[in-house]
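In this note's numbering, the protein residues as written are 176 to 500.
Worksheet: one structure, shown below.
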Amino acid sequence: MTRVLMVGAGGVAQRHIRVLTELGATVSGVIDPVEAAANAVATEWDIPCFTELERALDAVEPEVVYICVPPFAHGPPERAVLERGLPFFVEKPLGVGLEVAADIAREVEESGAVTATGYHWRCLDTVQRAQGIAADIGPQLVNGAWLGKRPPVAWWADVDRSGGQVVEQMTHVLDLARVLVGEPVEVHAAGVRDPGAAGDRGTVDDATAAVVRFENGAVGTFAATSLLSAQHLASLDLFGTGTVLQLRETELVVDDGTSRVTHEPAEDPRTVVDREFLEVLRGKRDASRAPYAEALRTHRFGCAIATAARERRTVVLDPSTGRLT
Ligand SMILES: NC(=O)c1ccc[n+]([C@@H]2O[C@H](COP(=O)([O-])OP(=O)(O)OC[C@H]3O[C@@H](n4cnc5c(N)ncnc54)[C@H](O)[C@@H]3O)[C@@H](O)[C@H]2O)c1
């Protein structure tokens, strides 16, 4: 049994509570500054609720903390948890920009805290299969996409609170590109806000197009839009000599020109990501698939695209540190 404190009572926190409970962990409390949100979740799960993190930590005495707050709210929760020497799971993205996340990464490294992050696509067995095939074919072209809609949360349309679509949504696809191709070293990008859209649309771009070069020489294009009324596509396609790999959360298609084989994931990666973290905490696994430092590298990639689009310039990343110049 593992005693969990949930920080944040929104959509993703509720998913983690359900999955963790199914996995045999005990979510012993929830904290959210919006009392009604904390209350609703506490009532549903019959657990205590709080509006202040320190009080929740004192009362619940958790063994692990799940941090499921919006991008703008990162920093204080991670620091409070690190001060108590506790392991934590944090949802992506790690922040709006890089400053807070880089600071937390340093503190995580210094303290040796055990961490996991919400890059659950890495837990797909189809990604692990794709890794083997990609290593054989050495893809030279990558094509990533996140084509969908604005999530129905108030903070999303404000780029200073969400980070924008690339940082907040396409980050899953960027993470996969790092896993399957390698580190990005050069980023060009452009963004647009739909001039014809009516009403207050906030400050996020409605579409972004990026061109990326990777450390191994491979090149990629990445496209994102939130203009649609439903999710259309989230994907990463890889092209090597004679072979195409098409990866979605729901399938991997391998097409070598003579055969086209579809593999479906054995298990929901949203369950696997929590199970594997519990295994780490129980000493049954060395580390989660995307500990904080790994997630920071992916977050730097997303921020590089956002910066290139915003500042209309090429952004170069140091492949050994992931830092932007
Ligand atoms: N990995 C995934 O598949 C996945 C899916 C959905 C969301 N997410 C990520 O999870 C995060 C939260 O998304 P959501 O959809 O749950 O948002 P949400 O708006 O539904 O919920 C966020 C909750 O956090 C609360 N909150 C704000 N500041 C807080 C603080 N300092 N301490 C505690 N709680 C605080 C808000 O009041 C709100 O109730 C986002 O970064 C999002 O990108 C990840």
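A virtual CB, placed ideally from N, CA and C, is assigned to each residue, including glycine.
Any non-hydrogen atom of ligand 1 within 7 Å of residue i CB
i: Ala234; result: no
i: Val244; result: yes
i: Glu451; result: no
i: Lys267; result: yes
i: Ile279; result: no
i: Asp212; result: In the sequence as presented, Asp is not what sits at residue 212; that position holds Ala. Yes.
i: Val348; result: no
i: His295; result: yes
i: Pro237; result: no
i: Gly186; result: yes
i: Leu228; result: yes
i: Glu253; result: no
i: Pro208; result: yes
i: Val152; result: No information on residue 152 is available, as it lies outside the stretch 176 to 500 that the chain covers here.
i: Ala332; result: no
i: Ala364; result: no
i: Glu343; result: yes
i: Ala393; result: no
i: Val490; result: no
i: Val194; result: no
i: Leu248; result: With the sequence shown as reference, residue 248 is identified as Ala, and Leu is not the correct amino acid for it. Because some heavy atom of ligand 1 lies under 7 Å away, the Cβ of Ala248 counts as near it: yes.
Three-state secondary structure (DSSP) of residue i
i: Trp321; result: strand
i: His474; result: helix
i: Glu227; result: coil
i: Glu253; result: helix
i: Ile279; result: helix
i: Pro444; result: helix
i: Glu219; result: helix
i: Arg178; result: strand
i: Ala373; result: coil
i: Glu258; result: helix
i: Glu274; result: helix
i: Thr437; result: strand
i: Pro359; result: strand
i: Ala481; result: helix
i: Leu492; result: strand
i: Leu269; result: coil
i: Ala184; result: coil
i: Ala382; result: strand
i: Ala248; result: helix
i: Ala468; result: helix
i: Ala364; result: strand
Test item: CB-CB of residue i and residue j under 8 Å
i: Met345; j: Trp321; result: yes
i: Thr204; j: Val244; result: According to the sequence shown, residue 204 is Gly rather than Thr. Contact: no.
i: Thr196; j: Thr177; result: no
i: Ala399; j: Arg297; result: no
i: His438; j: Thr301; result: yes
i: Gly250; j: Ile279; result: yes
i: Gly313; j: Gly415; result: yes
i: Leu408; j: Leu355; result: no
i: Val491; j: Thr500; result: yes
i: Glu361; j: Arg388; result: yes
i: Pro170; j: His295; result: Because the chain spans 176 through 500 in this model, residue 170 falls outside it and cannot be assessed.
i: Pro262; j: Glu343; result: no
i: Val271; j: Arg336; result: yes
i: Val455; j: Val289; result: yes
i: Thr378; j: Ala385; result: no
i: Ile480; j: Ala364; result: yes
i: His191; j: Asp449; result: yes
i: Ile308; j: Val429; result: yes
Please give me, in chain order, every unbroken run of the alpha helix (DSSP H) with length at least 4 that falls completely inside the region 186-216.
186-197
Let me know the beta strand (DSSP E) ranges lying completely inside the region 286-353, each 3 residues or longer, listed in chain order.
290-292, 316-322
What are the complete beta strand (DSSP E) segments, minimum 3 residues, inside the region 385-430?
394-400, 408-415, 418-423, 427-430
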